[in-house]
Amino acid sequence: MSSITPDGRLWEEHSLVDPVHRESQAIGPIPESQLPDNYLTNGLGWKSWLFTLDHKRIAILYMISVSMAFMVGGIAAALVRFNLMTPNSELLRPQTYNKMFSAHGIVMVFFFLVPVIPATLGNFLVPLMIGAKDLAFPKINLLSWYLYMIGLIIGLLALSFGGVDTGWTFYAPLSTQYAYGNVALVLVGAFIAGFSSILTGLNFVITVHKMRAPGLTWFRLPLFIWSMYATSLIIMLATPVLAITLLLLLMERLFHIGIFDPKLGGDPVLLQHLFWFYSHPAVYIMVLPGFAVISELITCFARKPIFGYKFVAFSSIAIAVISFFVWGHHLFVAGQSAYAGIVFSVLSFLVAIPSAIKVFNWTATLYKGSIRLDTPMVYALGFIVLFTIGGLTGLYLASLSADVHLSDTYFVIAHFHYVMVGGTVSAYLGGVHYWWPKITGRMYPEGWGRTAAVLLNLGFHLTFMPQFILGVNGMPRRYATYAPEFQPLNIMSTAGATVLALGYLLPFCYLLWSLKYGAVAGPNPWRATGLEWQTTSPPPTFNFDKVPIVTIGPYAYNPEDDERLYEEEQRNGHHPLDGGALVQARTTTKEAVAGGESVG
Amino acid sequence: MAQGVPVTEINEEIAHDVHGGRHIVPVSVYLKVFTALMVLLVITLAAAAIDMSKPPFNMPSLNIIIAMTIAVAKAVLIVLYFMEVRYSSRITWLFSIAGFAWLSIMFAFIFSDYVSRGWLPQAPR
Ligand code: HEM
Ligand SMILES: [Cu+2]
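Keeping their order, the protein sequence lines are chains D and X.
Its first residue numbered 4, the first sequence is counted upward by one per residue in my numbering.
Its first residue numbered 1095, the second sequence is counted upward by one per residue in my numbering.
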């Protein structure tokens, strides 16, 4: 069990493996008994899971369910991609093709990308990172998972039996008057899932305001928390509009009340306004949590404090605010007024500024760092490349004249996959690897981890780079067939998708394997400085035996020290700090606080 | 010296912060607000029954202006009293105002699209 030593460390027992090599020394499964008592051992029956109020267990419930959603969405994507190997839709009937890309988009956006990082890593880490025992409202947290599950099940049933062919955007009047299938049910599913994310956002905001450990001022918060906070603000301000929009769609579809259909006196562009008032901010609901993860990974594996902490922190808030002023860039060719188009175009360029601040500051953090290419870092570096390409191509699309040509082509598809899949999913996987030892108490196999990360990045570029070219050449999105001259690039893309799929399957397999066979990680295998690393792995049910008092900022890393220790390790065969000590403990004793010790 | 504060002490503090400090509103206040809402409802209906584009008013938009004003007044009453924002902390005020400010962003930009759609001369067909 964890305890506190006089010199300010929070635990005493030694980690059981050499954390640098981190490979299991034992052959065969390593028994649970080598891990400390923890939230996983506290109750074993299914009831202890389905009625749990522990944020860490709810995070695991979410992790399992979003992974299921990811698989379903992935299968639909595979069908779409294989269908596109030939120009004439030989695999699927065109109607089925439409259903597949709709199912793919709906599942991936509403049931995977929106909840994925906040509800899993966020749920697990927000209380740990701020030194709290749980979120402010544990029951609401559990409720949010149930709402998500209800929405997911309704959505999946509706998509499997009958399906919809409207795309994830539900544009009217197609969705309200002409589309066959279960549009109404899918709308209900997305509506319910929306409430689950509102509850998560609400919980995070209140937790961050009210439950920070003593001494943990706003500017000592890890950047993960800042980004999660910004995400929560967007969730709370935007998702209610989605709810209303979906209800209006339902009213028109079920009761033929004229809102969007011109035949009934409505305006179809109004739907696009309402939809994108939510959905553009929602793309930042999806990617800001990715930023959250990356800031933690880059600092830890470059052993450097973040470059320009306040800029990175406030850029999250700036993104949250500006993201609400740009939605009209999805309506440039939809019949929106040209003047509104100009305003939205200019504002869209603005949102690139805070995004670029992040990228520059991460890059600057690497400078003169003591960089280690462990799996999470490979994901983090991949993320920076992918997000930069995705973000920059967004600027092409935000230019009015270019968008007239590029809108509704594969260029748009490539753009948002670079940001959402390359960005968010890479960050998620990087985060899962980084915090896996904390979540499960065990290490994943490092060799496999790096292999999968490299495969993923290669597969990703091979899949989506050709789509930029296809888009510029004029291949439209959302058609089952295409002109034959586009075939070579489409085959490249499908080949890439196969590599990509392998890259996703590998972690799934070896992470499961590591639950039984992974080496015991110890409290802090990365020698990271966040509060979450100052408790045992996996943490006890209430996270900390004593609430930590925080006296310095979050990234007390020192690259020179790290290099010196590394050299010593090379000489002596073991790391001088092995045995559970931190490079620099982030917390300190009460006397030190009273003595006004340095503040980071 | 042990570091940190025992978990239980902190929890009580948090519990107080999150749930505590709650103002208890007398029932009479709720009844008064309810009455006010009902009166406003009657006024809404009465005002809607009169066509203000005709004499003696001759103001085509007056109907909608009156209806919206009353609607806003009702919403404010509900937010302040039924949702207890009036008795809440500054930060709660900030968040509830932000909600409405954000809604106004949405309306402002959507309406500016509708208003400006006719500005550009259309090419003759
Ligand atoms: C640098 C900031 C960004 C700019 C300026 C930008 C700009 C644009 C523009 C103008 C479009 C519309 C293209 C069209 O339909 O013709 C678009 C589409 C899209 N963007 Fe971005 N984008 C940015 C970042 C992001 C991020 C970070 C994400 C997600 C994490 C994202 C996700 C999407 C999605 C999903 C679509 C397509 C939606 C659809 O029609 O199905 N974008 N982007
Ligand atoms: Cu957008």
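Backbone N, C-alpha and C define an ideal beta-carbon position, used for all residues, glycine too.
Residue burial classification, methionine 478 of chain D (beta-carbon count within 10 angstroms, cutoff 16): What you label residue 478 of chain D is simply residue 475 of the first sequence in a count that begins at 1. The C-beta of methionine 478 of chain D has 16 or more other C-beta atoms within 10 Å across all chains shown, which makes the residue buried.
In the DSSP assignment, find the unbroken alpha helix (DSSP H) run with tryptophan 330 of chain D in it and report its ends. By one-based count along the first sequence, residue 330 of chain D stands at place 327. Where tryptophan 330 of chain D is concerned, there is no enclosing alpha helix (DSSP H), given that its DSSP letter is neither H nor E.
Pairwise C-alpha distance: threonine 484 of chain D and glutamine 98 of chain D: One-based indexing of the first sequence puts residue 98 of chain D at position 95. One-based indexing of the first sequence puts residue 484 of chain D at position 481. Using only the alpha carbons, I get a separation of about 12 Å.
Could you name the residues, in chain order, whose CB is less than 7 Å away from a heavy atom belonging to ligand 2? D:Trp279, D:His283, D:Val286, D:Val329, D:Trp330, D:His332 and D:His333
Using three-state DSSP, classify threonine 501 of chain D as helix, strand or coil. In the first sequence, residue 501 of chain D corresponds to position 498, counting from 1. Here threonine 501 of chain D sits in helix by DSSP.
Alpha carbons only, please: which of D:Val349, D:Ala106, D:Ala401 and D:Leu505 is nearest the one belonging to tryptophan 451 of chain D? Taking the first sequence and counting its residues from 1, one reaches residue 451 of chain D at position 448. Nearest of D:Val349, D:Ala106, D:Ala401 and D:Leu505 to tryptophan 451 of chain D, Cα basis: D:Leu505.
Quick one: is alanine 341 of chain D near chain X, going by C-beta distance under 8 Å? Along the first sequence, read from residue 1 onward, the residue named residue 341 of chain D stands at position 338. At least one beta carbon of chain X lies nearer than 8 Å to the beta carbon of alanine 341 of chain D.
When the cut-off is 8 Å and only beta carbons count, does glycine 268 of chain D lie next to chain X? Start at 1 with the first residue of the first sequence, and residue 268 of chain D comes out as number 265. Chain X, which has no Cβ nearer than 8 Å to the Cβ of glycine 268 of chain D, makes this no.
Report yes if the C-beta of tyrosine 42 of chain D is less than 7 Å from at least one heavy atom of ligand 3; otherwise report no. Ligand 3 is absent from the structure shown, which contains only ligand 1 and ligand 2.
Are three or more beta carbon pairs between the segment 560 to 578 of chain D and the segment 59 to 76 of chain D nearer than 8 Å? By the criterion of at least three beta-carbon pairs nearer than 8 Å, the segment 560 to 578 of chain D is not in contact with the segment 59 to 76 of chain D.
Could you name the residues of chain X that valine 244 of chain D contacts, counting a contact when the two beta carbons are closer than 9 Å? On the first sequence, position 241 is the one that residue 244 of chain D refers to. By Cβ distance, chain X contributes Trp1196, Leu1197 and Met1200.
Strictly below 8 Å CB to CB, what residues from chain X border leucine 240 of chain D? Translated into positions along the first sequence, residue 240 of chain D becomes position 237. Neighbours of leucine 240 of chain D on chain X, chain order: Ala1192, Gly1193 and Trp1196.
Classify tyrosine 447 of chain D as buried or exposed, calling it buried when 16 or more other Cβ atoms lie within 10 Å of its own Cβ. For this step, residue 447 of chain D is matched to residue 444 along the first sequence. Buried is the call here.
Would leucine 82 of chain D be called buried (16 or more neighbouring beta carbons within 10 Å of its own) or exposed? By one-based count along the first sequence, residue 82 of chain D stands at place 79. When all chains shown are included, leucine 82 of chain D counts as buried.
Any idea what DSSP makes of arginine 1184 of chain X, helix, strand or coil? For the purposes of this step, residue 1184 of chain X is identified with residue 90 of the second sequence, where counting begins at 1. Reduced to three states, the DSSP call for arginine 1184 of chain X is helix.
Using the beta-carbon count (16 or more within 10 Å), is aspartate 168 of chain D buried or exposed? Within the first sequence, numbered from 1, the residue matching residue 168 of chain D stands at position 165. Looking at its Cβ environment, which holds 16 or more other Cβ atoms inside 10 Å, aspartate 168 of chain D is buried.
Closest residue to isoleucine 360 of chain D among D:Leu334, D:Ser402, D:Tyr312 and D:Ala401 (Cα-Cα distance): Reading the first sequence from its first residue, position 357 is the one you call residue 360 of chain D. Cα-wise, what sits closest to isoleucine 360 of chain D is D:Tyr312.
Quick one: grab the DSSP three-state call for threonine 203 of chain D. Within the first sequence, numbered from 1, the residue matching residue 203 of chain D stands at position 200. Helix.
Using the three-state DSSP reduction, which class does alanine 1202 of chain X fall into: helix, strand or coil? Translated into the one-based positions of the second sequence, residue 1202 of chain X becomes position 108. It is helical.
Less than 8 Å between CB atoms is the rule here; does tryptophan 1187 of chain X satisfy it with respect to chain D? One-based indexing of the second sequence puts residue 1187 of chain X at position 93. No, no contact with chain D.
Can you tell me which of the three DSSP states lysine 361 of chain D falls into? Position 358 of the first sequence, counted from the first residue, corresponds to residue 361 of chain D. Here lysine 361 of chain D sits in helix by DSSP.
Nearest-angstrom Cα separation, counted from isoleucine 260 of chain D out to tyrosine 181 of chain D: As a first step, residue 181 of chain D must be located in the first sequence, where it is residue number 178. As a first step, residue 260 of chain D must be located in the first sequence, where it is residue number 257. Approximately 15 Å, taken between the alpha carbons.
On a Cα-Cα basis, can you pick out the residue from D:Leu400, D:Arg480, D:Ala337 and D:Val381 that is closest to aspartate 411 of chain D? In the first sequence, residue 411 of chain D corresponds to position 408, counting from 1. The option with the nearest alpha carbon to aspartate 411 of chain D is D:Arg480.
Assuming isoleucine 238 of chain D contacts serine 178 of chain D under a Cβ cut-off of 8 Å, what Cβ separation, rounded to an integer in Å, is found between them? Looking up residue 238 of chain D in the first sequence gives position 235. Looking up residue 178 of chain D in the first sequence gives position 175. Rounded, the Cβ-Cβ distance is 24 Å, inconsistent with contact.
Just to confirm the assignment: which complete alpha helix (DSSP H) runs, minimum length 4, are found wholly within the segment 437 to 502 of chain D? Counting only runs of 4 or more, we get 449 to 475.
Can you list, in chain order, the residues of its chain whose CB lies under 7 Å from that of lysine 213 of chain D, leaving out five sequence neighbours each side? On the first sequence, position 210 is the one that residue 213 of chain D refers to. The answer, listed in chain order, is Ala139.
Check the C-beta distance from glycine 134 of chain D over to methionine 111 of chain D and give it rounded, since I have them as a contact under 8 Å. In the first sequence, residue 134 of chain D corresponds to position 131, counting from 1. In the first sequence, residue 111 of chain D corresponds to position 108, counting from 1. Between methionine 111 of chain D and glycine 134 of chain D the Cβ distance is about 34 Å, and since that is not below 8 Å, they are no contact.
Reduced DSSP category for valine 336 of chain D - H, G, I as helix; E, B as strand; rest coil: One-based indexing of the first sequence puts residue 336 of chain D at position 333. In the three-state reduction of the DSSP assignment, valine 336 of chain D falls in the coil class, being assigned neither a helical nor a strand state.
Jot down the residue ranges of each uninterrupted beta strand (DSSP E) in the segment 357 to 428 of chain D, minimum 3 residues, whole runs only, in chain order. none
Assigned exposure category for glutamate 1178 of chain X - 16 Cβ within 10 Å defines buried: For the purposes of this step, residue 1178 of chain X is identified with residue 84 of the second sequence, where counting begins at 1. Exposed.
Limits of the unbroken alpha helix (DSSP H) element including tryptophan 49 of chain D: For this step, residue 49 of chain D is matched to residue 46 along the first sequence. Taken as a continuous stretch (DSSP letters only), the alpha helix (DSSP H) holding tryptophan 49 of chain D covers 49 to 53.
Using a Cβ-Cβ cutoff of less than 7 Å, which residues in the same chain neighbour alanine 175 of chain D once the five nearest sequence positions on both sides are dropped? For the purposes of this step, residue 175 of chain D is taken as residue 172 along the first sequence, with counting starting at 1. Closer than 7 Å at the Cβ level, and outside the excluded window around alanine 175 of chain D, lie Leu252, Glu255, Phe263, Asp264, Pro271 and Leu274.
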